[in-house]
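Student: I have a structure here, written as structure tokens, and I will follow up with some questions on it.
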């Protein structure tokens with residue numbers, strides 16, 4: 001029902017002049033969810049939903065006994081929605097999103113029979129090829145949007161003149177062609193489509209007739225107004241399209257599996273469509289649109305008929321099938337109509353597509369006409385074999401055991417309905433096709449054209465004579481079909497195998513990845529650090545301006561105490577490096593932290609200084625817990641002298657480069673507009689005088705919310721990696737510490753609450769308060785035991801952390817009730833001195849306490 005509802009919706013909304021809808025997507029980037037229904041997208045939307053309805057009905061019967069049939073219909077419906085998104089999107093980035101969704105859903109459909117190695121392998125192959133093309137397409141669409149200054153397709157098409165003179169015109173053309181040609185299986189990417197026949201038959205009938213493989217054709221048609229005047233466009237599409245059609249026609253004739261024969265004939269049609277879009281004339285575009293309609297109808301029907309043959313006879317090998325007409329009567333009728341349309345017999349849609357193709361070819365060159373006649377004649381031979389050999393050839397020897405599958409209406413009704421639509425489409429529906437599809441579609445692809453309606457009869461002319469020649473040549477080639485297939489099999493087997501080339505390339509890529517992994521992934525942290533910092537050093541040195549005069553100029557106004565602090569920082573760093581005892585190394589590391597705190601204090605950042613000081617203090621707690629379990633530095637194996645020199649060079653290079661970068665940055669006037677904004681908006685906008693805290697809980701509250709989530713998740717990860725009691729905690733046996741710790745811890749908890757409450761107007765806040773509370777609780781843990789602290793908390797630490805996250809989230813969600821963005825600060829100063837930023841800060845306070853204490857208590861608590 002869902003595809004049918006989509007079809008009726010599309011029909012009711014359509015206007016040949018075009019209908020547009022737009023909804024906000026990312027307003028800050030000027031992006032919107034833009035959709036447009038014009039002549040071209042209407043054609044594809046009707047095929048996607050109409051053929052989709054038939055395929056869904058067919059699949060209900062075909063997969064009736066399959067245990068995963070519900071999942072199959074979900075995949076198929078998701079693919080349908082993605083394809084509709086591709087053809088209806090008026091924003092090129094949105095089009096790409098749906099484009100990639102078709103790649104993912106088609107991967108699931110092709111690999112539906114995942115128990116079979118062949119299905120998994122071929123699904124992966126299609127994913128890699130079309131996915132790689134999708135990456136190229138993304139780059140091309142981004143270039144296209146940057147050239148036009150907009151990602152709206154309507155706006156891009158309005159600036160064709162400016163785009164054609166842009167330096168990115170040719171690169172964007174090449175990248176978009178790569179995306180389209182891989183999706184539509186053009187040479188040399190043609191081989192993935194026949195391999196996709198590992199999918200169930202309903203997938204082949206849908207993806208490889210009306211939808212996925214034509215996504216690339218649709219993309220070429222959409223961007224044709226932008227690129228069609230380019231010679232690169234013309235020669236690429238005509239040469240690749242023509243060669244794909246001829247090569248795959250020859251490959252189709254040598255196949256013996258009915259589905260593979262149809263698969264290669266699909267690539268033949270895709271090649272012809274690419275060829276016609278490369279020509280780009282009115283006649284070529286009318287031929288392409290009629291061919292799209294005809295191909296969707298007859299190819300979907302033929303795939304379903306082949307599915308019925310497989311169900312009935314248990315095989316698709318053409319050499320093993322005989323006399324099925326007496327059992328598959330309705331399927332035979334549907335196959336006859338489909339074969340006649342494929343062959344271009346009037347008055348079926350395939351005839352009109354072929355007639356206008358010859359007319360368009362006559363405008364280009366005789367070679368183009370010769371190629372078309374040859375390809376179409378080979379196609380006639382192919383479909384004659386598809387029809388005659390399985391259905392009308394008499395039995396030789398024992399007849400094949402055939403099941404009466406047409407007792408199930410769901411198996412014969414969809415192909416029969418498609419056959420009826422094929423007949424009626426041109427007999428009584430040609431006028432509607434002209435008004436609603438062909439003429440609007442041609443003007444969408446070529447806006448400056450004035451196409452005339454498609455006519456069934458033009459008298460006896462050259463295209464009609466060529467059609468007769470095509471049919472006669474096709475019949476003649478069928479007369480020598482066995483000899484022809486033998487010759488093709490012998491000659492084409494000498495050519496390089498596309499699948500083998502792909503497998504070799506994939507194997508080479510995997511081998512290179514393994515070599516690179518073995519080279520870089522040494523499982524030694526020191527090597528990882530050296531590689532990372534070495535790369536950083538190279539990057540910084542090559543991109544940092546080095547100016548000694550600028551450096552000397554910055555030293556002129558430096559004060560004595562600043563030099564002292566810098567000297568202490570440098571000296572402490574050297575002590576950490578050369579220290580032979582753990583205590584001295586930790587003391588020097590702490591010195592670095594405390595000197596950094598002093599820097600923040602000097603340069604008027606009290607909140608940052610407090611946070612740094614508390615973090616350094618809390619680090620001491622962790623180091624005390626871990627120190628006795630770390631081996632003595634004298635026992636650690638020393639690096640060689642050369643390795644240490646290399647480390648010194650890398651570290652020194654980073655230090656010098658960062659110093660010069662900071663000097664270069666601060667040498668220029670600093671833009672104070674952001675600082676001025678927060679300074680002016682802190683009180684009226686955030687109702688607080690502590691600008692740092694107002695930023696954290698109001699203007700940039702989303703960032704802070706993410707940080708507290710990180711704290712909670714980091715604690716959970718540490719708990720999952722470390723066993724309880726992995727760092728045994730020993731009670732410090734000191735009467736003075738035991739007595740004082742209770743008093744000090746209580747005072748620190750009270751003080752932490754004080755900092756929490758005052759943080760909006762004075763230095764403090766939830767994060768700083770939480771760190772003081774954690775230090776107080778850690779002191780109590782040393783004086784008593786981890787279990788003692790856990791009992792005083794009353795709740796599990798991570799429950800407290802999750803409660804804090806929930807409170808912060810709830811404080812942000814309140815704004816949604818008032819139709820404001822998430823985490824917008826709300827205040828009720830007239831009633832109480834209370835606002836959602838304070839509630840948000842309370843959540844931060846609880847989240848940090850719970851996350852950090854949960855980790856400390858877990859690793860120090862004795863196991864039961």
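In full-length UniProt numbering, the protein residues as written are 1 to 864. Beta carbons: idealized from backbone N, C-alpha and C, even for Gly.
1) Take residue 182 as the anchor and find which of 169, 219, 156 has the nearest alpha-carbon.
2) Could you give the uninterrupted runs of the alpha helix (DSSP H) lying entirely in the region 178-228, keeping only those of 4 residues or more?
3) Rounded to whole angstroms, what is the Cα-Cα separation between residue 844 and residue 127?
4) Would you tell me roughly how many angstroms separate the C-alpha atoms of residue 863 and residue 755, rounded to the nearest one?
5) Does residue 749 come within less than 7 Å of chain D when only Cβ atoms are used?
6) Out of 688, 98, 241, 92, which has the shortest C-alpha to C-alpha gap to residue 176?
7) What would DSSP say about residue 18, mapped onto helix, strand or coil?
8) Using alpha carbons as the reference points, say which of 228, 281, 226, 379 lies closest to residue 295.
9) If I measure Cβ to Cβ from residue 797 and keep anything under 7 Å in the same chain, skipping five residues before and after, which residues do I get?
10) Just to confirm the assignment, what range does the alpha helix (DSSP H) spanning residue 600 have?
11) Grab the span of the beta strand (DSSP E) containing residue 34 for me, first residue to last.
12) How should residue 846 be labelled, buried or exposed, when 16 other C-beta atoms within 10 angstroms of its C-beta is the threshold for buried?
13) Should residue 801 be counted as a contact of the ligand NAD given a C-beta to heavy atom distance under 6 Å?
14) In the DSSP assignment, find the unbroken alpha helix (DSSP H) run with residue 643 in it and report its ends.
15) What is the rounded straight-line gap between the Cα of residue 269 and the Cα of residue 163?
16) Are residue 245 and residue 369 close, meaning C-beta to C-beta below 7 Å?
17) Go ahead and pull the three-state DSSP assignment for residue 365.
18) Helix, strand or coil: which one does DSSP assign to residue 346?
19) DSSP three-state label for residue 281, please.
20) Would you kindly check if the distance between the Cβ of residue 262 and the Cβ of residue 353 is under 7 Å?
21) DSSP on residue 753, reduced to helix/strand/coil?
22) Find the nearest neighbour of residue 809 within the set 800, 817, 818, 822, judged by alpha-carbon distance.
23) Label residue 105 either buried or exposed according to how many other C-beta atoms from any shown protein chain fall within 10 Å of its C-beta, with 16 as the threshold for buried.
24) Any contact of the region 22-38 with the region 71-79, i.e. 3+ C-beta pairs under 8 Å?
25) Rounding to the nearest angstrom, what Cα-Cα distance links residue 211 and residue 266 in this structure?
26) Are there three or more Cβ pairs, one per stretch, closer than 8 Å when the region 324-334 is compared with the region 253-261?
27) Out of curiosity, what's the CA-to-CA distance linking residue 20 and residue 36?
28) Round the Cβ separation of residue 134 and residue 85 to the nearest angstrom and send it over; I've been treating them as touching at under 8 Å.
29) Which two residues bound the contiguous alpha helix (DSSP H) that contains residue 786?
30) How would you call residue 636, buried or exposed, if buried means at least 16 neighbouring beta carbons within 10 angstroms?
31) Could you check the C-alpha separation between residue 584 and residue 819 for me, to the nearest Å?
32) Residue 818 by DSSP, collapsed to three states: which one?
33) Considering only the alpha carbon of each residue, which of 224, 301, 64 lies closest to residue 274?
34) What does a CB cutoff of less than 6 Å around residue 355 pick up in its chain, not counting 5 residues either side in sequence?
Tutor: Reading off the structure:
1) Indexing the chain shown from 1 puts residue 182 at position 182. Residue nearest to residue 182 within the set 169, 219, 156 is 219 (criterion: CA-CA distance).
2) With a minimum length of 4 residues, the continuous alpha helix (DSSP H) runs that stay inside the region 178-228 are 192-195, 201-207, 212-227.
3) Here the question's residue 844 lines up with position 844 in the chain shown. Here the question's residue 127 lines up with position 127 in the chain shown. Whole-angstrom Cα-Cα distance: 44 Å.
4) Within the chain shown, residue 863 is the residue found at index 863, counting from 1. Within the chain shown, residue 755 is the residue found at index 755, counting from 1. Residue placement at residue 863 cannot be trusted, given a pLDDT of 40 that sits under 50; the coordinates are not used to answer.
5) In the displayed structure, chain D is absent; only one protein chain is listed.
6) One-based indexing of the chain shown puts residue 176 at position 176. Check the Cα spacing between residue 176 and each of 688, 98, 241, 92: the tightest is with 92.
7) Within the chain shown, residue 18 is the residue found at index 18, counting from 1. Coil, per DSSP.
8) Within the chain shown, the letter at position 295 stands for residue 295. Out of 228, 281, 226, 379, the CA that lies nearest to the CA of residue 295 is found in 379.
9) By one-based count along the chain shown, residue 797 stands at place 797. Apart from sequence neighbours up to five positions away, the residues of its chain that approach residue 797 with a beta-carbon distance below 7 Å are 850, 853, 854, 857, ordered along the chain.
10) For the purposes of this step, residue 600 is identified with residue 600 of the chain shown, where counting begins at 1. 582-602 is the span of the alpha helix (DSSP H), which, as asked, contains residue 600.
11) Your numbering for residue 34 matches position 34 in the chain shown. Under the DSSP assignment, residue 34 falls in the beta strand (DSSP E) whose first and last residues are 31-37.
12) Residue mapping note: residue 846 aligns to position 846 of the chain shown, counting from 1. Buried, because 16 or more other Cβ atoms sit within 10 Å of the Cβ of residue 846.
13) As far as ligands go, the structure on display features none, and thus does not contain the ligand NAD.
14) For the purposes of this step, residue 643 is identified with residue 643 of the chain shown, where counting begins at 1. From DSSP, the alpha helix (DSSP H) with residue 643 extends over 641-667.
15) Within the chain shown, residue 269 is the residue found at index 269, counting from 1. Within the chain shown, residue 163 is the residue found at index 163, counting from 1. Approximately 31 Å between the Cα atoms of the pair.
16) The residue given as residue 245 occupies position 245 in the chain shown. The residue given as residue 369 occupies position 369 in the chain shown. No; because the gap between Cβ atoms is not below 7 Å, this pair is not in contact.
17) What you label residue 365 is simply residue 365 of the chain shown in a count that begins at 1. Reduced to three states, the DSSP call for residue 365 is coil.
18) For the purposes of this step, residue 346 is taken as residue 346 along the chain shown, with counting starting at 1. Residue state for residue 346 is assigned as coil, using DSSP reduced to three classes.
19) Numbered from its first residue, the chain shown carries residue 281 at position 281. Of the three classes helix, strand and coil, the one that applies to residue 281 here is coil, per DSSP.
20) To locate residue 353, count along the chain shown from 1; it is residue 353. To locate residue 262, count along the chain shown from 1; it is residue 262. No, Cβ-Cβ distance for residue 353 and residue 262 is not below 7 Å.
21) Along the chain shown, read from residue 1 onward, the residue named residue 753 stands at position 753. Helix, per DSSP.
22) By 1-based counting over the chain shown, the position of residue 809 is 809. The candidate whose alpha carbon is nearest that of residue 809 is 822.
23) Residue numbering aside, residue 105 sits at position 105 when the chain shown is read from its first letter. If you draw a 10 Å sphere on the C-beta of residue 105, you find 16 or more other C-beta atoms in it, and that means buried.
24) With a cut-off of 8 Å, the region 71-79 and the region 22-38 do not count as touching, because too few Cβ pairs lie within range.
25) The residue you call residue 211 lines up with position 211 of the chain shown. The residue you call residue 266 lines up with position 266 of the chain shown. Rounded to the nearest angstrom, the two C-alpha atoms are 12 Å apart.
26) The region 324-334, when compared against the region 253-261, does not touch it at the 8 Å Cβ threshold.
27) As a position in the chain shown, residue 20 is number 20, starting the count at 1. As a position in the chain shown, residue 36 is number 36, starting the count at 1. Residue 20 and residue 36: Cα-Cα distance of roughly 4 Å.
28) Walking along the chain shown from the start, residue 134 turns up at place 134. Walking along the chain shown from the start, residue 85 turns up at place 85. At roughly 14 Å, the Cβ-Cβ gap does not stay under 8 Å, so residue 134 and residue 85 are not in contact.
29) Within the chain shown, numbered from 1, the residue matching residue 786 stands at position 786. Residue range 786-793 is occupied by the alpha helix (DSSP H) that includes residue 786.
30) Working through the chain shown from its first residue, we reach residue 636 at position 636. With fewer than 16 other Cβ atoms from the protein chains shown falling within 10 Å of its own Cβ, residue 636 counts as exposed.
31) Here the question's residue 584 lines up with position 584 in the chain shown. Here the question's residue 819 lines up with position 819 in the chain shown. Taking the Cα positions, residue 584 is about 57 Å away from residue 819.
32) The residue labelled residue 818 in the question sits at position 818 within the chain shown. Note: residue 818 maps to coil in three-state DSSP.
33) Translated into the one-based positions of the chain shown, residue 274 becomes position 274. Comparing Cα positions, the closest option is 224.
34) The sequence position of residue 355 within the chain shown is 355, counting from 1. Only 463 meet the Cβ criterion.
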